[in-house]
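Residue numbers (our numbering), protein chains in the order written: chain W, 829 to 1159; chain L, 1150 to 1417. Where a beta carbon is used, it is the ideal one built from N, C-alpha and C, also for glycine. On a predicted model such as this, the values are computed, not experimentally measured, just so you know.
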Amino acid sequence: MSHAVEAFELKKSFTRKRSVKELLTHPFRKAEQIHALRGVDLHVRSGEIFGLLGPNGAGKTTLLKIFSCLVLPDSGRAVLGGEDTVHEARVKPQLGLVHSDERSFYWRLSGRENLRFFARLYDVPGREIESRIDYLLEQVNMVDAADRRFADYSSGMKQRLAISRALLHDPPILLMDEPTRSLDPASSLALREFIRERLHERDGKTIILATHNLREAEALCSRLAILVKGRVRQVGTVAEVRRWGIEERRYRFEVAAWPPRIDARCTVVADEPFEDGRRVTISLDADSSLDGALRALIAAGVVIRSCERLEPDLEDAFSRILKSEPAEDDA
Amino acid sequence: MTRDLMKILAFLKRDFLSEVSYRISFIFQIVGIFFSLLAFFFVTKMIDPTTEGLNGIPPFEWLLVGLAFQYYFSTALYSFSAKIRNEQLLGTLEAMLVSPTPTSMVIFSSAAWDFTYGAIRVLVYLLFATLVFGVQLHTNSLGALLLGVLLTFLSSAGLGILSASFILYFKRGDPINFFLSGLTTFFGSVFFPVEQLPVSIRWVSDCLPITWSLRIVRGSLLQGLPSSELHEALAYLLVLTAILLPLGILFSRVAIRKAKREGSLVQY
């Protein structure tokens, strides 16, 4: 399995700026260090959408900045497309960055003029610039608005233009920092579809998506990493992360009738009338199997119409992971 | 090389498009130049043309060249740092620095329009001077003049890059700009000849590129001196350029590296 983006024991600290008052009152006191990353290991596979989840200050943006060659790590290595990020000239052509910052364009220029300027910076050959811009504007449904001033764009249009810019040089890796942060629900949904269907499924881009929108992560990402105070707390598929820290499994049955007692190690956690029968949710502990429960139900004469596994909520898993954080991180 | 040139042209075009979107402001600036020249035309009538250091050049013409080039030097001093600051505020710096274009190229090219605009302003000054105020310009040492202008551009760019590096390094206001701007205005023979200063402090003037630039331009355009008489000023300017430009580039590398380590490259 090839990896498009990797981090090995990445560490990064920043010095907190001291106020004039602090400088005057304690001139020799050592400035406080903020540990943004405390030894991050990540391995993002080629062609996957990988989510970076975490609360504010978890280190998501710092990690993206290191991958983008904007910040140097204190120690450890970041590798994109097989190249260490210290070799900027070899790394930058392989990546596109989509900011959450709406301002990152020239407001008095049109969308097309902005893209022309950035196309030169992104080393798009001169004869290909216009056709590439036309293609990208079409991809993000911006053809009609291309010659309007950027200042007149809506938030959704600005974000779509930012994606076009990141794709100007057709990089295999896209880093997206909260791309739907300022968008309304309809625009967010459209953008998610674009990311999944065109960038991921059709173009096969590797995408790292930093977000604290759990729904977005759930809808888009094949795997997730949860960052808390500069450490990776959990990595895995969305289902794996959801189940983290949960011993029990829950199943929902639709049955004609539920017996008062069954011979299986399960607990009924919900029981409600449903159509002409009942809908019952049971919880199985780690030692019990679904097979055993099914056998017990059939032996009790229960007519099972359907059975489905209920996945735990990602939000709950996220909250469990935050609570599980070791005490030394608070130091 | 062609690719780098095209990038500089892209910066020029970007800023030109922004500039022409403020048409009224552009027109007012040109009108402003005319009225400031008109004021100086009458003010300089009070100055004795035989004042030491004017070297026989009429006071208005002497001052006109000083004014035109002083603006050019201030542009060079402020442009790099102001542009970087502006890009940080706009949020566009990060988008540029994540592109395959090297950071030093981004910083250097970002001031391309200001330098071009500064040169256009110098030409506007000279056009007003000849067409409206009847100043006679000489062209018999054009080669030396062009070399002088090129060295002026390079030496002032060196100072400008130094100043931008200071901002990147310290994230503070820019004392280099303040200091150099004051020095240039006072010691650079912009408003009055250095010969008017006490002898003991005149050496400061020799350390400033603008002093030599103005000697070359005034000597060539206003006095009509042959190239041979401009060699000394050209040599001084060359030495200052050879010191300032590499120093600026060196400091910019140090500053960029430090800013990347601190994570402050795109902060304001």
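Problem - Test item: CB-CB of L:Leu1389 and L:Ser1314 under 8 angstroms - result: Taking C-beta atoms as the reference points, L:Leu1389 and L:Ser1314 fail to come closer than 8 angstroms.
Problem - Interface flag, L:Ala1402 vs chain W, CB-CB below 8 angstroms - result: The residue you asked about is not Ala; residue 1402 of chain L is Arg in the sequence shown. Judged by the 8 angstroms Cβ criterion, L:Arg1402 is not in contact with chain W.
Practice task
Pick helix, strand or coil for W:Pro1000, following the three-state DSSP scheme.
Solution key: coil
Handout entry: Span of the alpha helix (DSSP H), counted from its first residue to its last, around L:Glu1411
Key = His1380 to Glu1411
Practice task
Please name the residues in the segment 1227-1255 of chain L whose beta-carbon is closer than 7 angstroms to at least one beta-carbon of chain W, in chain order.
Solution key: Leu1239, Gly1240, Thr1241, Glu1243, Ala1244, Met1245, Leu1246, Val1247, Ser1248, Pro1249 and Thr1250
Exercise for the section: Would you be able to state if there are at least three C-beta pairs under 8 angstroms between the segment 990-999 of chain W and the segment 916-927 of chain W? Expected result: Contact holds: three or more Cβ-Cβ distances are below 8 angstroms.
Practice task
Using 10 angstroms around the beta-carbon of L:Ser1349, count the other beta-carbons present and answer buried if the total reaches 16, otherwise exposed.
Solution key: Its Cβ having fewer than 16 others within 10 Å, L:Ser1349 is exposed.
Problem - Neighbour list for L:Leu1414 in chain W, Cβ cutoff strictly below 7 angstroms - result: Neighbours of L:Leu1414 on chain W, chain order: Leu898.
Handout entry: Residues of its chain near W:Asp1157, where Cβ-Cβ distance is below 6 angstroms and the 5 sequence neighbours each way are ignored
Key = Residue placement at W:Asp1157 is flagged as unreliable, the pLDDT there being 47, under the threshold of 50; a coordinate-derived value is accordingly withheld.
Exercise for the section: Please name the residues in the segment 1165-1185 of chain L whose beta-carbon is closer than 7 angstroms to at least one beta-carbon of chain W, in chain order. Expected result: Leu1166, Ser1167 and Ser1170
Problem - Proximal chain L residues relative to W:Glu917, where beta-carbon distance stays under 8 angstroms - result: Contrary to the premise, residue 917 of chain W reads as Ala rather than Glu in this sequence. What W:Ala917 touches in chain L: Pro1249 and Pro1251.
Handout entry: Straight-line gap, L:Glu1243 to L:Ser1312 (C-alpha atoms, nearest Å)
Key = 20 angstroms
Practice task
With DSSP collapsed to three states, give me the class of L:Gln1345.
Solution key: helix
Exercise for the section: Tell me, please, whether the CB atom of W:His927 is closer than 8 angstroms to any CB atom in chain L? Expected result: yes
Handout entry: Rounded C-alpha distance that separates W:Pro1013 from W:Phe895
Key = In a straight line, the C-alpha of W:Pro1013 is about 29 angstroms away from that of W:Phe895.
Handout entry: Neighbourhood of W:Thr1163 by C-beta distance below 6 angstroms, restricted to the same chain and skipping five residues each side
Key = Limits of chain W in this structure are 829 at one end and 1159 at the other, which puts residue 1163 of chain W out of reach.
Exercise for the section: Report the residues of the segment 1292-1313 of chain L with a CB closer than 9 angstroms to any CB of chain W, ordered along the chain. Expected result: none
Exercise for the section: Check the Cβ of L:Met1155 against every Cβ in chain W and list those closer than 7 angstroms, keeping chain order. Expected result: Near L:Met1155 (Cβ distances below 7 angstroms), the residues of chain W are Arg948 and Gly954.
Handout entry: Spatial distance of L:Leu1166 from L:Val1353 (CA atoms)
Key = 40 angstroms
Exercise for the section: Take W:Leu995 and list the residues in its own chain whose beta-carbon comes closer than 7 angstroms to its own, dropping the five residues that flank it on each side. Expected result: Gly924 and Leu964
Problem - Pick from L:Asp1164, L:Leu1203, L:Ile1173 and L:Ala1225 that is closest to L:Phe1340, judged by C-alpha positions - result: L:Leu1203
Exercise for the section: Determine, using beta-carbon pairs with one atom in the segment 839-856 of chain W and one in the segment 912-922 of chain W, whether at least three such pairs fall under 8 angstroms. Expected result: no
Handout entry: Anticipated Cβ contact below 8 angstroms, L:Thr1193 with L:Phe1209, distance rounded
Key = 4 angstroms
Problem - Bridge partners - W:Phe842, DSSP secondary structure assignment - result: W:Ile862
Handout entry: the segment 928-948 of chain W contacting the segment 898-906 of chain W, beta-carbon criterion three pairs below 8 angstroms
Key = Touching, no.
Handout entry: C-beta atoms of L:Ser1401 and L:Ser1253 nearer than 8 angstroms
Key = yes
Problem - Sheet register partners of W:Leu881 (DSSP bridge) - result: W:Thr1039 and W:Ile1054
Problem - As assigned by DSSP and simplified to three states, the class of W:Asp869 - result: Here W:Asp869 sits in strand by DSSP.
Handout entry: Of the residues L:Phe1183, L:Gln1237 and L:Ala1231, the one placed nearest L:Leu1280, counting alpha carbons only
Key = L:Phe1183
Practice task
Go ahead and label W:Gly1129 buried or exposed: buried means 16 or more other beta carbons lie within 10 angstroms of its beta carbon, across all protein chains shown.
Solution key: Only exposed fits W:Gly1129, as fewer than 16 other CB atoms lie within 10 angstroms of its CB.
Exercise for the section: Taking only runs that begin and end inside the segment 918-965 of chain W, name each unbroken alpha helix (DSSP H) of 4 or more residues, in chain order. Expected result: Within the segment 918-965 of chain W, the complete alpha helix (DSSP H) runs of at least 4 residues fall at 939-949.
Exercise for the section: Report the neighbours of L:Glu1378 on chain W: residues whose CB is nearer than 9 angstroms to its CB, in chain order. Expected result: The contacting residues do not exist; L:Glu1378 stays about 44 angstroms from chain W at best.
Problem - Backbone CA spacing between L:Thr1360 and L:Phe1189 [nearest angstrom] - result: 21 angstroms
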